[in-house]
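For the record, the sequence lines run as chains V and W. For the first sequence, numbering that gives the first Met the number 0 assigns the number 0 to the initial residue and increments by one for each residue that follows. For the second sequence, numbering that gives the first Met the number 0 assigns the number 0 to the initial residue and increments by one for each residue that follows. Idealized CB from N, CA, C, for every residue including glycine.
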Amino acid sequence: MKRNYGRLYAAPQALWLTVFFAAPLAIIVAYSFLKRDLYGGVLPQPSLGAYKALANPTLLTVTWRTLWVSVAATFFTILIALPCGYSIARSGNQAMRLFLVIVPFWTNFLIRIYAWIAILGNEGFLNDLLRLIGLEADSTQFLYNQGAVVLVLVYMYLPYAILPLFSTIDKFDFTLLEAARDLGASRMQAIRKVLMPNIRGGMVTAVLFTFIPIFGAYAVPLLVGGKDSYMLGNVIADQVTKTRNWPLASSISMGVTVLTGIAAILFALTSRRSKHPVVEESGIGPVSATAGIPGGGQA
Amino acid sequence: MKGSDVTVSGISKSFGAFKALKGVSLEIRKGEFFSLLGPSGCGKTTLLRVIAGFEDPDSGIVGIDGRDVSGLPPDKRRCNTVFQSYALFPHLTVFENVAFPLRIRKVPGKLVREMVMQHLSLVQLEAHAEKKPSMLSGGQKQRVAIARALINEPSVLLLDEPLSALDAKLRQRMLVELDAIHDKVGITFIYVTHDQQEALSVSDRIAVMDQGKVLQVGSPQQIYENPASDFVARFIGETNLFSGKVTSRDGGFAKVEAEGLGEILVEANGEAPVGARISVAVRPEKIRIGADIPGTHSELNIKRGVVEEPIYSGFQTKYIIHLPGGGAVTVFRQHANWSEGVPDIRWKDEVYLSWSARDSVVVESEAPRGGADPIGATSPDAR
């Protein structure tokens, strides 16, 4: 009899996920149902206090802001990534262009954010340029507002949207666009009615790959945002490090997980239940995109 | 006639250093089944794409019904295309694929249903309306593509090697169907193919192309029986090409000293004066093969040779006969009379070949001074 080694092969992966994903998640879930200790940590007494504390007007404001900043940043990211992925797919030297998309990853995440401070800051490149061409005498404060947060978020997550979009557009049969034109569609109609429905798989992936990390953003709003651009990630960090209310930090984390999970499922469902359902998902489908999110696996 | 006539004049198109079309001119008549035939890379598909509006020619004019459409985008031309890869929209059902042009034109839903079902019945696919293209066989996909291309009621249908992805049996059936559809809708069909058999069997007229030029335009019979050049003769069907020098003339005939063959009699007009070097084509099925000397006749060429290669293919056998002079002749023999006591011809048998001088065609002629027009060439591009 042939022995099945499937489980054995999966063991390292299972171990890894248990130690670094399931266990921490379980700890967070547990902490969120416990009572806070005064100087951080938890007391072993069950409590729903942390969840009751979620109904706090400031927290709701931040949640609402996080939601719309994420939606706006995702929207602009896709808006830029779509033509970008299209042009890479149709260009002669894909390898070179893809390389250029990936190059920023060679630099540290934080350093790339600081680079934007160097560009947008009071003594930054942009203000220098404006002064040089005489458009302003003083400095304009481009940093520390929600616009700066959205801009830098779009920059940070652009590659995550370009790559899946590129890979589906690259597999798209462009004769279909010619066929659409031949059958009477204008250039825009051909793109809307033939290209878009056929790259839906890549669209779903790109949206999830950008929306989910942006929703949990921490460093970007901290460094280029002001007090009024705090996002949920920053509130959680403050609860852990400053206020030292670990159960509350845990319950907010649970909230973030649930919200992103719901958003991901809703998005995957609406794009599937549209008028022209996707027949053959090519490339990275929504399944792999949501596999890392609790509850998102079945989307 | 419902179709349009299509005029192509002086079309040239280059892709980088590659010249795909070198000044092609054609007149395609209303309602005609017109084929562009040639080997791959001859420019036939490029010409079709120029007519459809997918490629802008570097120079030249495309006219439909006498109107210059050169500057118009594909969606503004009254011609539709059946693509080689079918190009069906994978996200739409068969019904919606066919309905696509109507949806673009915002035709009311009830009328859409009626028109789509009518066109699906034309290609016998009513039962598959709700299927996705991925669930269809190659032949069915092909038919959806045809129905979709016809629903806008174009005056010209462009077909780009539509049958090349199908197997041989299905190809034959689709060809008959295409012919029937052409008869039914009555519009102009421009059909691109590299398969001479396809072109011969359905076309009203054929343009044979090679290296960006039109070599000959004519009916299938003209192209087959009177090829304008040795390329056409060789490309359309199988042929024996003999080259030699005209030694004497007698009325409509010329005596030719052919290489490897000896003296042969050829029907030839002014294009073969004494002293000219000519190429002569004789179709293998026009040559009779037998163990005995056939009855003599003043117009009959008779040669003796040895069977080197009998190739049996069911309905006929192809023989390659080696002549004492060093030449080789290909002969087809149909098996209609197999049982009538005809002795079988085997490898290394000595046989007599005979063909009438009237069955030979002068395809290339190099007159001793100045050339003459080859026969049958109606295109200015023909050599």
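For residue 346/W, the number of other beta carbons within 10 angstroms of its own is below 16, and it is reported as exposed.
Secondary structure note for residue 35/W: its beta strand (DSSP E) is the uninterrupted segment 32 to 36.
One thing to note: residue 223/W has its Cβ no nearer than 8 angstroms to the Cβ of residue 289/W.
Scanning chain W for C-beta atoms nearer than 7 angstroms to the C-beta of residue 184/V yields 74 and 103, reported in chain order. Where residue 233/V is concerned, the enclosing alpha helix (DSSP H) starts and stops at 231 to 240. Within chain W, the C-beta atoms nearer than 8 angstroms to that of residue 197/V come from 88, 89 and 90, in chain order. Near chain W, meaning a CB-to-CB distance below 7 angstroms, no residue of the segment 118 to 138 of chain V qualifies. Residue contact check for residue 82/W against chain V: a CB pair falls below 8 angstroms. A check of alpha carbon separations from residue 104/W across 150/W, 167/W, 334/W and 64/W identifies 150/W as the nearest.
For secondary structure counted as the alpha helix (DSSP H) over 4 or more consecutive residues, the segment 122 to 206 of chain W holds these complete runs in sequence order: 137 to 149, 167 to 184 and 195 to 201. With 16 or more other CB atoms across the displayed protein chains lying within 10 angstroms of its CB, residue 74/W is buried. In its chain, beyond the 5 residues on either side, 229, 230, 231 and 234 have a beta carbon closer than 7 angstroms to the beta carbon of residue 61/V. In the DSSP annotation of this structure, the continuous segment of the beta strand (DSSP E) that includes residue 249/W starts and ends at 239 to 249. Of the residues 357/W, 300/W, 310/W and 86/W, the one whose Cα lies closest to the Cα of residue 160/W is 86/W.
For chain V, the residues of the segment 124 to 148 of chain W that bring a beta carbon within less than 8 angstroms of one of its beta carbons are 131, 133, 147 and 148, in chain order. Take the alpha-carbon of residue 179/W and the one of residue 219/W: they are about 18 angstroms apart. Within the segment 299 to 351 of chain W, no complete alpha helix (DSSP H) segment of 4 residues or longer occurs. Rounded to whole angstroms, residue 81/V and residue 195/V show a C-alpha spacing of 10 angstroms. Using a CB distance below 8 angstroms, the part of the segment 159 to 181 of chain V facing chain W consists of 172, 174, 175, 177, 178, 179, 180 and 181, ordered along the chain. For residue 193/V, the residues of chain W that pass the 7 angstroms Cβ criterion are 88, in the order they occur in the chain. Counting C-beta pairs closer than 8 angstroms gives three or more between the segment 0 to 14 of chain W and the segment 30 to 39 of chain W, which meets the contact rule. Around the beta carbon of residue 96/W, 16 or more other beta carbons sit within 10 angstroms, so the residue counts as buried. Distance from the Cα of residue 257/V is smallest, within the candidate group 218/V, 227/V, 211/V and 217/V, for 211/V. Residue 212/W and residue 99/V have their C-alpha atoms spaced approximately 44 angstroms apart. Excluding the 5 residues flanking it on each side, residue 14/W has no same chain C-beta neighbour closer than 7 angstroms. A distance below 8 angstroms between beta-carbons, with the five flanking residues on each side excluded, links residue 251/W to the following residues of its chain, in chain order: 266, 267 and 268. Annotation note: the segment 86 to 111 of chain V contains the following uninterrupted alpha helix (DSSP H) runs of length 4 or greater, listed N- to C-terminal: 93 to 101.
By the CB criterion at 8 angstroms, residue 246/V and residue 41/V fall inside the cutoff.
Taking 8 angstroms as the upper bound for CB-CB distance, residue 209/V and residue 159/V are in contact here, some 6 angstroms apart. The alpha-carbon of residue 209/W is positioned some 7 angstroms away from that of residue 38/W.
Taking 8 angstroms as the cut-off, the Cβ atoms of residue 136/V and residue 203/V do not count as close.
Taking residue 67/W as reference, the option from 81/W, 182/W and 49/W with the minimal CA-CA separation is 49/W. Ranked by how close their Cα comes to the Cα of residue 165/V, the residues 70/V, 74/V, 79/V and 48/V have 79/V in first place. Of the candidates 103/V, 223/V, 216/V and 69/V, 216/V places its Cα closest to the Cα of residue 252/V. Along the segment 111 to 197 of chain V, the beta strand (DSSP E) does not occur as any fully enclosed run of 3 or more residues. Residue contact check for residue 51/W against chain V: a CB pair falls below 8 angstroms.
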